Amino acid sequence: MLGTFQHSHLRIEVNATQEQIQASLVQPSQFRQWLWPQQFSQGLPGKIYGGLSFNSYLGPIEIHHDVKQVNDHSLHMVLSGGIDGFHEWYWGDQWVQSRLEGVSALPLNLGQSLVMARLRQFLQQPAL
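Take the sequence shown: its position 48, counting from 1, is numbered 913 in the working numbering, and each next residue is one higher.
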């Protein structure tokens, strides 16, 4: 893998319950909305689970995700391809944090900051 080792750890407060945050992180129908322009494999289940593998794409860059663990308060994935490393999410009522480490040519800290801002914006939208 070409690139440099990078790590980023961010925590934000959001006006959302633990259940709303969890749904936005583990339900493809929701994370596809706020992770745009990142695209995801077709045929994902309604909710991701431990043992699931899928791909995402940022333009021509493919990132493979191996979901290692999902529970009511965390999500752990091993990444390969465009990022060789891992991504961990933790959440509770009114907070979410993300830890991303890996080797990549992509600017991971900038990307993670944008992702967290998009997630906050998504969670603040009124329910339809």
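C-beta: ideal position from N, C-alpha, C; glycine also. Fair warning: this is a prediction, and the values are worked out from it, not measured in the lab.
Backbone CA spacing between residue i and residue j [nearest angstrom]
i, j, result
"GLU878", "LEU979", "15 Å"
"GLY915", "LEU988", "24 Å"
"GLY947", "LEU909", "20 Å"
"GLU953", "ARG964", "5 Å"
"PRO991", "VAL932", "30 Å"
"VAL968", "HIS941", "17 Å"
"GLN892", "THR869", "31 Å"
"ILE928", "VAL943", "10 Å"
"HIS930", "GLU966", "13 Å"
"ALA982", "ASN936", "23 Å"
"GLN887", "TRP901", "18 Å"
"ASP949", "PRO925", "16 Å"
Which of helix, strand or coil DSSP assigns to residue i
i, result
"SER899", "Per the sequence shown, the amino acid found at residue 899 is Trp instead of Ser. Three-state result, TRP899: helix."
"ILE948", "coil"
"LEU993", "Because LEU993 sits at a pLDDT of 48, beneath the cut-off of 50, its placement in the model cannot be relied upon, and the point is left open."
"ILE913", "coil"
"VAL968", "strand"
"LEU923", "strand"
"VAL879", "coil"
"GLY908", "coil"
"LEU867", "coil"
"TRP986", "The sequence shown places Gln at residue 986, rather than the Trp named in the question. Helix, per DSSP."
"GLN934", "strand"
Rounded Cβ spacing between residue i and residue j (contact assumed at less than 8 Å)
i, j, result
"GLN934", "LEU875", "The Cβ separation is near 20 Å, so there is no contact."
"GLN977", "SER889", "At roughly 16 Å, the Cβ-Cβ gap does not stay under 8 Å, so GLN977 and SER889 are not in contact."
"GLN883", "ASP958", "5 Å"
Which listed residue (the options) has its alpha carbon closest to that of residue i
i, options, result
"HIS938", "GLN892, TYR955 and HIS930", "TYR955"
"LYS912", "ARG985, GLN895 and LEU944", "GLN895"
"ALA881", "TRP960, TRP901, ASP949 and GLY950", "TRP960"
Proximity test, Cβ basis, 8 Å: residue i and chain E
i, result
"THR869", "The chain inventory of the structure shown lacks chain E, comprising one protein chain alone."
Original post:
Between the stretch 920-927 and the stretch 892-912, are three or more C-beta pairs nearer than 8 Å?
Top reply: yes
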